[in-house]
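Right, dumping it as structure tokens:
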């Protein structure tokens with residue numbers, strides 16, 4: 001069934017049809033959200049929030065862009081809002097991540113140093129300017145083509161290319177001299 | 001200073017790891033349950049307004065039913081039937097009269 005037809009049927013009251021959309025896009029939305037929050041449980045909660053928001057505002061979808069573009073735009077905004085709300089929890093989650101028990105294959109020192117390194121990488125990604133970060137996450141975590149990233153961000157493809165280049169440079173700078 | 005390729009590899013590794021994080025297989029069920037719960041909650045205020053109205057209507061109906069049933073009642077007992085129905089009592093009187101005679 002075409003997405004527009006499916007959306008119309010959902011708007012006509014066939015709520016169960018929304019499950020088809022959720023199943024089709026949940027993995028993509030989850031990956032985008034993971035790019036922002038880096039934690040499975042948080043990403044699942046936010047993914048759920050994204051789909052509930054999408055359902056609530058489905059009537060405002062006018063079909064000018066594809067459904068996925070509209071959905072991913074909402075996913076980015078909900079993730080950013082959630083990050084604002086959860087800023088207070090950051091310190092606790094960082095500590096909790098570091099205090100997690102080692103997996104057993106590596107020595108505790110190795111495990112701790114890897115965790116610290118990953119945490120450093122995540123911080124570098126999180127510290128990117130908002131647009132660079134958005135372009136980076138959409139193109140690297142969801143592997144979207146630049147054309148689609150441009151549509152989601154409402155900028156030109158050239159601008160996306162520039163944002164990705166600058167993001168790469170910024171990451172290198174931050175990780176060379178942390 | 002760290003090598004550029006090393007940094008890129010570490011970033012790629014982190015992204016690959018996060019991309020491959022397994023999602024809860026019941027996430028869609030959770031989403032649909034949340035939507036259903038929200039719809040139910042939306043419908044509830046109407047019911048909450050209607051609840052006292054329904055309770056009052058039920059009470060009025062029960063009272064009306066009682067009055068109507070009471071008004072419509074006819075015993076159907078004639079005077080003869082009433083006398084006959086008291087036979088049991090008469091027999092008891094006879095019993096007492098009999099015991100007095102014995103004394």
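Residue numbers (our numbering), protein chains in the order written: chain C, 1 to 178; chain E, 1 to 103.
Yeah, the Cβ is synthetic: ideal placement off N, Cα and C, and Gly gets one too.
Keep in mind that this is a model prediction, so the values were computed, not measured.
Out of the options, state which residue places its alpha-carbon closest to the alpha-carbon of residue i.
{"i": "residue 66/C", "options": "25/C, 113/C and 108/C", "result": "25/C"}
{"i": "residue 17/C", "options": "63/C, 159/C and 4/C", "result": "4/C"}
{"i": "residue 134/C", "options": "176/C, 110/C, 119/C and 78/C", "result": "78/C"}
{"i": "residue 24/E", "options": "15/C, 46/C and 14/C", "result": "46/C"}
{"i": "residue 170/C", "options": "152/C, 136/C, 144/C and 8/C", "result": "136/C"}
{"i": "residue 68/C", "options": "111/C, 50/C and 81/C", "result": "50/C"}
{"i": "residue 19/E", "options": "37/C, 8/C, 13/C and 19/C", "result": "37/C"}
{"i": "residue 87/C", "options": "126/C, 158/C and 145/C", "result": "126/C"}
{"i": "residue 11/C", "options": "138/C, 61/C, 33/C and 123/C", "result": "61/C"}
Let's see if you can read the secondary structure: which residues bound the alpha helix (DSSP H) around residue i?
{"i": "residue 40/E", "result": "27-71"}
{"i": "residue 15/E", "result": "4-19"}
{"i": "residue 19/C", "result": "18-37"}
{"i": "residue 84/C", "result": "67-85"}
{"i": "residue 4/C", "result": "3-11"}
{"i": "residue 46/C", "result": "40-56"}
{"i": "residue 14/C", "result": "Careful: residue 14/C lies outside any alpha helix (DSSP H) and carries neither H nor E."}
{"i": "residue 155/C", "result": "From DSSP, residue 155/C is part of no alpha helix (DSSP H); its letter is neither H nor E."}
May I ask you to report which of helix, strand or coil DSSP gives residue i?
{"i": "residue 129/C", "result": "coil"}
{"i": "residue 145/C", "result": "coil"}
{"i": "residue 62/C", "result": "coil"}
{"i": "residue 124/C", "result": "helix"}
{"i": "residue 24/E", "result": "coil"}
{"i": "residue 107/C", "result": "coil"}
{"i": "residue 180/C", "result": "Nothing can be reported for residue 180/C: it is not among the residues displayed for chain C, which extend from 1 to 178."}
{"i": "residue 74/E", "result": "coil"}
To the nearest angstrom, how far is the alpha carbon of residue i from that of residue j?
{"i": "residue 31/C", "j": "residue 147/C", "result": "19 angstroms"}
{"i": "residue 41/C", "j": "residue 173/C", "result": "31 angstroms"}
{"i": "residue 22/C", "j": "residue 163/C", "result": "30 angstroms"}
{"i": "residue 55/C", "j": "residue 63/E", "result": "47 angstroms"}
{"i": "residue 28/C", "j": "residue 142/C", "result": "6 angstroms"}
{"i": "residue 6/E", "j": "residue 156/C", "result": "31 angstroms"}
{"i": "residue 9/E", "j": "residue 84/C", "result": "30 angstroms"}
{"i": "residue 55/E", "j": "residue 61/E", "result": "10 angstroms"}
{"i": "residue 63/C", "j": "residue 121/C", "result": "38 angstroms"}
{"i": "residue 58/C", "j": "residue 34/E", "result": "16 angstroms"}
{"i": "residue 72/E", "j": "residue 59/E", "result": "20 angstroms"}
{"i": "residue 8/C", "j": "residue 75/C", "result": "21 angstroms"}
{"i": "residue 160/C", "j": "residue 20/C", "result": "31 angstroms"}
{"i": "residue 36/E", "j": "residue 39/C", "result": "27 angstroms"}
{"i": "residue 118/C", "j": "residue 44/C", "result": "21 angstroms"}
Taking only heavy atoms of the ligand GDP into account, decide whether any of them is closer than 7 angstroms to the Cβ of residue i.
{"i": "residue 18/C", "result": "This structure lacks the ligand GDP; in fact it carries no ligand of any kind."}
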